[in-house]
Structure formats: structure tokens, C-alpha cells
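Below is one structure, written out as C-alpha cells; the observations come after it.
There are 2 protein chains.
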Amino acid sequence: MSRRKFLSTAATGGVILGAPAIVSAQPTIRWRMPSSFPKNLDTLFGSAETIAKYVTTMTGGKFTISAHAAGEIVPGLQVLDAVQAGTVEAGQTAMYYYFGKDPTFAFDTSVPFGLNCRQQQAWVMDGGGAALMNEFLREYNVHNVGICGNTGAQMGGWFRKEINTVDDLKGLKFRCGGPAGQVLTKLGVVPQQIAGGDIYPSLEKGTIDAAEWVGPYDDEKLGFYKVAKYYYYPGWWEGGPSTNMIVNIKAWESLTPEYKAILQAACSHAYAECMAKYDARNAAALKRLIAGGAILKAFPRPVMDACFKASEEWFAENNAKNPKFKKIHDNWVKFRSESISWFRVTENTFDDFMASAMTRRG
Amino acid sequence: MSRRKFLSTAATGGVILGAPAIVSAQPTIRWRMPSSFPKNLDTLFGSAETIAKYVTTMTGGKFTISAHAAGEIVPGLQVLDAVQAGTVEAGQTAMYYYFGKDPTFAFDTSVPFGLNCRQQQAWVMDGGGAALMNEFLREYNVHNVGICGNTGAQMGGWFRKEINTVDDLKGLKFRCGGPAGQVLTKLGVVPQQIAGGDIYPSLEKGTIDAAEWVGPYDDEKLGFYKVAKYYYYPGWWEGGPSTNMIVNIKAWESLTPEYKAILQAACSHAYAECMAKYDARNAAALKRLIAGGAILKAFPRPVMDACFKASEEWFAENNAKNPKFKKIHDNWVKFRSESISWFRVTENTFDDFMASAMTRRG
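Protein chains in written order, with the numbering used here: chain F, 1 to 362; chain A, 1001 to 1362.
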């Protein structure tokens, strides 16, 4: 092709004019994808909607995914079961919800004193995490396509009274789930399992003493600051919890390479959008919460240290009794140590300097 | 559809059997995408390769993008010019390389004491950054599809002697580019423009006193630790520099909605992969560098404070003389303040606790 001709082609966007119409080999598919999240968690459920929108758009409507909020098709905590049984092809969920079946699931979302959101993505994509988790998930007939969302480090929750010492945890009725509840039990906390909509009245009546949810943007909607004003951080049990798109293994294996790549890329785009929304919107929400009376508090260092020690015991107990857990833990714990040792050098130093500079600058 | 029939459909992955073959409306396209990065920066150039691979796979080869390392089609720092002129349809680059045309470009990659990688993605996707930058880029005939890579916070570089006071910067011949060079000039540094391959001999001979490149994984390949052992952090001029995929505006506008969505999702997937690789691989590289004799050093606080002050002057000067710069700066600086104020609460506290816990745990 002459340079002149090439330039003319390039200027029209590289379209090869007169190329023959191509008969697509891609099958027409419609999938339903229930989510574990309600519509009012618009960042988390929004990831499911983004996946649905992008897959449908990228394929010109040939591969259509419909996203369904928790409860529309199946209850939010039964997404895995529905995908496993093949009653739906796909689901968007947080794998630690299935921690009761096996604590190993939690590595796919977040474990106490675990990875931040970047470290979690790095472990999954480049640290061996994806292969290990998918090997584990295979016996549940599901394939984890990839991370499709993350909240960033969560807040520690809303407390009716201050936590000044480790002893203040004794007898504390704290709404929190999964591994964190088991760890905190070691320190005398009485974990409470309460659905999102029931937390506010329970806090108001004093039936519970404290509750964790997500972070400012999501917490604000539920109004906790009106009934439990101490807003603690960090949520050490969820330093970077990720959500995932899971697909029934037969459905996954039936896909063409085109459609598999489309699902992977859609997950990554949904992840970027979800993280961006939280990182952009939590700031303003926190300001409003503080203006409304919320009092920010960091967990005292001795409390953090005691919780870290209790978590180490929790890992050791699970390693001792669960070979699947231990197999993944051994890879994960090495990654955690190395990755965090690197982050503490330039990344954390930059972040900490900027935090203090912004405080001084206003 | 009966439940029985639905379940049978679902079990085959939702494929609607017997659906007619569909004649695709998607045009056949071949694009060339030069990169600003050489092949040995396999994480950064890898993003271009990932985009090419995913776009080609997702479209079953109908939309083919070929990625070309710096120098193959155009020199690395002329990617924007080639896309602007339409000699190529797309490019993968870091927009701050075009800072000489207008410092406003730098907001699309990184500016001194700017955003970390998550904050940059949040500003672009949810803080108004994408619209502002694309309005600015339109006069260069290019459209920024999205962030397709990031290095994370970079290191401050390799120094032949220690930097203990602000005075130690005076007369320092430092290989560094763009805005950082202008800021450091205010403190007496003499910025040097030297291509990657020439840095090592210049440091060895003492023609220059210091050089910054990226971080452990990339720096290790160039062997700087052998000739300048002090490895400083943080690289405050690149707290989260992102790379972008840019497309000639006519080429972009000629794309179908399907192909536009495919490019966006491919960028997000390349970004996730790039960040994951750096976050997973820098740790081991840093260990090897230290074993090889590199001495880790944090810039002293007074040096950081002086650089921050000089950066604030640099922003003020550009705001005063460049209305395009000011328009974007005004949005950006508000975002920086709010976003960092939020990060310092739970995210930085979690990271800092984990860093100290890992140090104690070993």
C-alpha cells in the first residue's frame, strides 16, 4: 500500500473499505446474573449492572446478561448455590459470604488483617491467587472470572460507646460477619448476625452495641450516626474486600474464547468503576457524617495488636484442621508479607506525606 | 418458558439452541498502536500488548490492533504527534511526555505531589477528569480512551551521595523529566534529560549525580545500584502515574458503540494487569537490589517540605499564565484535597498498621 493510500485509510479510522460482511460464529446467549447486593448499595450492585451493560454492548446484544438485585431471583447469600446448581449461569457476589461452607472462601474476598485492594488484585492476577481459588471452587462447580469490584479499606463500624481498652470489647454485642466474628469472639465480643435493614432499630434500642457495614458512602444511607455516634477505623477484617463474578463451570466451558475474554475485560472495567466511585464519593459522605454528629475514632493500638494476635491464632487453627485452607494460606501469607514490605517503602510514605500536607494546607 | 425447559437451557450455559446465524454489522478494522515504551519495560509495554490481545480476541480477529514498541514506527516521545496526524490510529503513552507543548498534559499522568494510582483513576472516572482532559485533548485531535496502566508510586531514584539537607540539592545534576525538573530547579537542582540507555554510563562516569527511572522491578534491569547506591523514596513527582490509550479523534468517532466499549474494557483490563504485576513483582526486585548493595533512604522531611512548597509555586505560576491549566487544576486540586482527606482515615491507617505488623512478624 502506498503511503498516500495508507494515510487515507488511517484517517477513516483504519476501516478496510469494501471488506465483506462477516457471518458471525458467536452464539446468541442470554444469562441471568443475580447479585448478593441490594440496589441501594449502588456501587456494589452497580458493578453487576456495569458487567451486564458492557457485555451486552460489546457483543451488540448477542450475549445478553441481566443483573438482578439480591432477592429478585435468589436471596443475596444464596448466589453461589444458585450458580453451583445451574439455576442461573452467573452471579455477582463476595465469596466470604460462603465462609460457613468452608473458611477457604474468604481468601477470595478478604480475611482479617489481609490485603488492601491493590494487593488483593495483585495476588489474584499475578501471585497465583486465581489458579488456587479456581482449583478450590471447582468442587462447587463454579469458575471465578475475576474481581469486579472492591470497597477499599472499610470502616470499623458504628459504636454506641468508646473502645479505649481491649477490655472494652468484652461482652460487646457487635454486628459483624464471618471470620471477624470468630476472631473477635476470642476477645470476648459477642458477634451478631443481623440483616442490613434491621441494624438501625437494633442499635437504636440498644439490642446491639455496635455494627459494621461498609464505609461513609454506604453507611450514610442507613443513618447509623444518629444512634451510634463513634465511627471507628480501620475495618481490619476488610482491608480491601473484593467482589467477584462467578459462572457455572459448564456455562463457562461452553463459552467461545471471544466471550471468555469479554467477560474478563467487563469484570476489570466494573472493578475500575466501582473502586473509582468509592474513592471519589466516600470523601464527601464522610464530611456530611461528621457534620451530622459522627465522631471519628481510631481503634487504640493495643486493641489493634490484640485483634492481630487473635487473627494469627484463627489462621493457625484453620491451617491445622483444613488442608484446603492451609494450601491457599501458605501461598497467600508469603505474598502478604512480601507485598506489604514493598508498599511500606514508597507507596505508604507518599500517601502519609500527602495526608499530612493536605491537613496543613487545608 | 417452563421451569424444566429453563433449567435445561441454563445447564447448557444459556445458549439458545437453534438461534439463527447472525450477520455481523461490525466492520473489519486493523489498527497500529505505537507505544512510548521499549519492550524491556515489559509491564508498561505489556499494557499495549494486553490491549492488542484482548481487542483482537474479543472481536474474533475482526478488530485487530498491533502494538509496537518505542522506535518501531515512531520514536517513543512522538506517539501523540503520530496519533494527532493520523499516521497511526492509536497510541499507548504517558501524557506528561507532551508537557513541553503544554503543562496541562501532565494532569493526565501525574503532577508533583499529585494523586496516587487509585485517586488518579477516581478523578478520571468519577471526578470529572475524563471529560476535562478530553475537552483539552480535542484540539490535538485525540481522544483518551482511558487509563491502561500505572506504575504505582515510583521511587525517588538513585543517588551517588546522600541527601541530608535541602542544601544538598544545590547543583545536583539529576536525571529527571518534566514538571519535577522545573520544580527542583527552584531548589538549585540542574535537571538532566538523558534517554534510558545512557543513564548508567552517565552515573558511572559521574557526569550526573543522580537519576530517577521507575521502581525496583524496572530499575533492576538497568543496574543503577552498581554505580549509585542510595535508593531514595518517595518519588513525589510520580505518586501514581498512569498510562493511557489515545485514539485519533476521527478514528474514535468512526467506531461502532460495540468497538468503543471493547476498547474501554480492554484498557481497564490492561490497567488491572499492569498494576497487579508491579505490585506483585516490585517486592522481590527490591529484596534483590538490597542484597546487591542498594541502600534504601527516605528523603528527609525538610527536603520533602521544601519540594512541596516549590511545587505549590509551580502550580501557581502555571495557573497565572495558562487558563487551560487553571481550568483543570481548579477541579483537580479540590479533588486531591478531598480524596486524600478520606484516604488518611481508614485506608492509610490500615496500610500503616499492616506495614508495622509485617515488620514485627517477619
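All C-beta atoms, glycine included, are put in the ideal place defined by N, C-alpha and C.
- Here the C-alpha atom of F350/F lies approximately 10 Å from the C-alpha atom of F343/F.
- Judged by DSSP in its simplified three-state form, N164/F adopts coil rather than helix or strand.
- Interface residue (Cβ-Cβ distance to chain A less than 9 Å): M133/F is not classified as such.
- Listed by position along chain F, the residues whose Cβ is nearer than 8 Å to that of A1283/A are E338, S339, S341, W342.
- Boundaries of the beta strand (DSSP E) harbouring F1159/A: 1157–1159, taken from the DSSP string.
- Secondary-structure assignment with DSSP links N134/F through no beta bridge to anything.
- Boundaries of the alpha helix (DSSP H) harbouring P302/F: 301–321, taken from the DSSP string.
- Contact check for S1047/A against A1069/A fails: the beta carbons are separated by 9 Å or more.
- Around the beta carbon of T359/F, fewer than 16 other beta carbons lie within 10 angstroms, which makes this residue exposed.
- For C148/F, there is no enclosing alpha helix (DSSP H); the residue is part of the beta strand (DSSP E) that begins and ends at 142–150.
- With 16 or more other Cβ atoms from the protein chains shown falling within 10 Å of its own Cβ, E1258/A counts as buried.
- Per DSSP, the beta bridge partners of V190/F are K173/F.
- Residue pairing by DSSP places T93/F opposite N244/F in a beta bridge.
- A distance below 6 Å between beta-carbons, with the five flanking residues on each side excluded, links D1219/A to the following residues of its chain, in chain order: W1213.
- Exposure of N1040/A is indicated by the presence of fewer than 16 other C-beta atoms within 10 angstroms of its C-beta.
- Within chain F, the residues whose beta carbon sits less than 9 Å from that of L1296/A are V345, listed in sequence order.
- DSSP places L1044/A inside the alpha helix (DSSP H), whose first and last residues are 1044–1058.
- Non-local beta-carbon contacts of T28/F in its own chain, meaning distances under 7 Å to residues more than five positions away in sequence, involve K62 in chain order.
- Using beta-carbon distances, A153/F counts as an interface residue toward chain A, with a partner under 9 Å.
- With respect to chain F, the C-beta atom of K1226/A has no partner C-beta closer than 9 Å.
- Along the region 1268–1292 of chain A, going in chain order, the ones with a CB nearer than 9 Å to a CB of chain F are S1268, H1269, A1270, Y1271, A1272, E1273, M1275, A1276, K1277, Y1278, D1279, A1280, R1281, N1282, A1283, A1284, A1285, L1286, K1287.
- Just so you know, the alpha carbons of V1088/A and T1057/A end up roughly 21 Å apart.
- Between the C-alpha atoms of V227/F and R281/F there is a straight-line separation of about 23 Å.
- Below the 7 Å Cβ cutoff, chain F contributes M58 as neighbours of I1262/A, in chain order.
- The beta carbon of A1355/A sits closer than 9 Å to some beta carbon of chain F.
- For F1174/A, no chain F residue has a Cβ inside 8 Å of its Cβ, as the nearest lies near 17 Å away.
- Residue-level contact check: D108/F does not touch chain A, since none of the beta carbons of chain A fall below 9 Å from its beta carbon.
- Judged by DSSP secondary structure, F350/F falls within the alpha helix (DSSP H) whose first and last residues are 346–361.
- Secondary structure of T64/F (DSSP, three-state): strand.
- For G157/F, the closest of Y231/F, N141/F, E238/F, G177/F by C-alpha to C-alpha distance is Y231/F.
- Around the Cβ of D108/F, a 10 Å sphere holds 16 or more other Cβ atoms; the residue is buried.
- For I1199/A, the enclosing alpha helix (DSSP H) has its first and last residue at 1196–1205.
- Interface flag for Y1096/A against chain F is unset, since no Cβ pair is found closer than 9 Å.
- Close to chain F, meaning a Cβ-Cβ distance shorter than 8 Å, are the following residues of the region 1113–1128 of chain A: F1113, N1116, C1117, R1118, Q1119, Q1121, A1122, W1123, V1124, M1125, D1126, G1127.
- In summary, K1277/A is buried, with 16 or more beta-carbon neighbours lying within 10 Å of its beta-carbon over all protein chains present.
- Here Q1192/A is actually not in contact with K1161/A; their C-beta atoms are around 16 Å apart, not less than 8 Å.
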